[in-house]
Amino acid sequence: MNIFRFLGDMTHLISILILLLKIYATKSCSGISLKTQELYALVFLTRYLDLFTDFISVYNTVMKLVFIASSLAIVWCMRNHPLVRRSYDKQLDTFRHYFLLLASFLLALLLHEKFAFQEVLWAFSIYLEAVAILPQLVLLQRSGNVDNLTGQYVFFLGAYRALYIFNWIYRYFIDPHFTRWIACVSGLVQTALYADFFYYYFISWKNNAKLQLPA
Amino acid sequence: AKEDVPKDEL
Chain U
3 MNIFRFLGDM
13 THLISILILL
23 LKIYATKSCS
33 GISLKTQELY
43 ALVFLTRYLD
53 LFTDFISVYN
63 TVMKLVFIAS
73 SLAIVWCMRN
83 HPLVRRSYDK
93 QLDTFRHYFL
103 LLASFLLALL
113 LHEKFAFQEV
123 LWAFSIYLEA
133 VAILPQLVLL
143 QRSGNVDNLT
153 GQYVFFLGAY
163 RALYIFNWIY
173 RYFIDPHFTR
183 WIACVSGLVQ
193 TALYADFFYY
203 YFISWKNNAK
213 LQLPA
Chain F
85 AKEDVPKDEL
């Protein structure tokens, strides 16, 4: 494992910890899209079916279990916790996420490494992860004001994707057998979706001002 | 075959 991949995993972990901290400390999930969180839970559940079939390392197994457990915990809190669920911006979280599910599934049926149950679901999880942030970005844009922890959450999530691209560039030169086109192309699309957010994030950081997205 | 390499990324 190279440094970019490791830092990518760590920023991913940090983003989830920030989200858990926000929900735990403020008992609020305002600004957070339940649709995006549900899509992420589904991404992890479909991708990590290999927990039952392949053992890669203790690190790998532990991280997979952490991602599954934390995503399910977040969804549970947003749906069921008596205080947290009241702060959910349901009227702003209106992205038609079923289209993302359908499109990802159809694409996975067409484009996969092998036509097998686990492989098609793996491709599905990759495609779905690439677009799962869209309901979240739309919610932020609609609410305009982004609270500090929510802004940091999305920033670290974007940083994780950017670091994975550096990881692939590194692997491409070091390990010529590494050719995961589905993951790499989807990863590029996914990272591009953050470009607009990053732009406004850095402007607010430079001006030392609160993060605001244009309507 | 390359597709049999386990998927080591998260």
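Top to bottom, those sequences are chains U and F.
With my numbering applied, the first sequence covers 3 to 217.
With my numbering applied, the second sequence covers 85 to 94.
Ideal Cβ placement from N, Cα and C applies to all residues, glycine included.
Values in this document were obtained by computation on a predicted structure and should not be read as measured data.
DSSP-derived helix/strand/coil call for residue i
i      : result
U:T93  : For the sequence presented, residue 93 of chain U should be read as Gln rather than Thr. Of the three classes helix, strand and coil, the one that applies to U:Q93 here is coil, per DSSP.
U:G33  : coil
U:Y155 : helix
U:N62  : helix
U:F200 : helix
U:L82  : Per the sequence presented here, residue 82 of chain U reads as Asn, with Leu not at that position. Note: U:N82 maps to helix in three-state DSSP.
U:I76  : helix
F:L94  : coil
U:T38  : helix
U:D56  : coil
U:H14  : helix
U:F180 : coil
U:E115 : coil
U:I25  : helix
F:A85  : In this prediction, F:A85 has a pLDDT of 43, which is less than 50 and means its spatial position is unreliable; what the coordinates show is noted afterwards. Here F:A85 sits in coil by DSSP.
U:N169 : helix
Those residues which DSSP pairs with residue i across a bridge
i    : result
U:N1 : Beyond the ends of chain U as shown, which are 3 and 217, falls residue 1 of chain U; an answer cannot be given.
Sub-8 Å separation of residue i and residue j beta-carbons
i      : j      : result
U:L213 : U:Y202 : yes
U:S73  : U:A132 : no
U:I20  : U:Y155 : yes
U:V86  : U:K24  : no
U:F158 : U:I16  : yes
U:V140 : U:F97  : yes
U:I184 : U:L113 : yes
U:A134 : U:T38  : yes
U:H99  : U:L41  : yes
U:D198 : U:S145 : no
U:I34  : U:T152 : yes
- prompt: Between the region 157-175 of chain U and the region 116-124 of chain U, do at least 3 Cβ pairs fall closer than 8 Å?
  reply: These segments do not touch.
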